[in-house]
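Colleague:
Residue numbers (this note's numbering): 4 to 91.
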C-alpha cells in the first residue's frame, strides 16, 4: 500500500455532474452542511495530495516507509489506492 500511497495509479481524477445533485456533507464552517452541485460542474480530485496528508499519514509523508502501516488505519476515503473500491 505504501507504494500506491506515494505513486497512485491515477494521481488526478476528474468527474462531471450529469444532473443537479447535493453532497450530504462538506460545506459550511464545520464541513457538516450539504453542498449543492449543479449539472455540468467538473470536480478534479488529487489522490497525490490526499495521500500526503500528515493528519492521516503522520510525519515524513514524502518518505517511503512501509512500517507506517503498523500504526495507522486510514479510513476508506483517506486511502484511494484502488479508487475507493474494496482493497481486500
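For glycine and all other residues, C-beta sits at the position ideal for the given N, C-alpha and C. Bear in mind the structure is a predicted one, so any value in this text is a computation, not a measurement.
So for residue 20, helix, strand or coil by DSSP?
Modeller: Residue 20: coil per DSSP, three-state reduction.
Colleague: Would you mind working out which of 50, 6, 33, 41 sits nearest residue 17, comparing C-alpha positions?
Modeller: 50
Colleague: To the nearest angstrom, report how far apart residue 70 and residue 29 are at their CA atoms.
Modeller: 32 Å
Colleague: Label residue 79 either buried or exposed according to how many other C-beta atoms from any shown protein chain fall within 10 Å of its C-beta, with 16 as the threshold for buried.
Modeller: exposed
Colleague: How about residue 133 and residue 53: are their beta carbons less than 8 Å apart?
Modeller: With the chain covering 4 to 91 only, the question about residue 133 has no answer from this structure.
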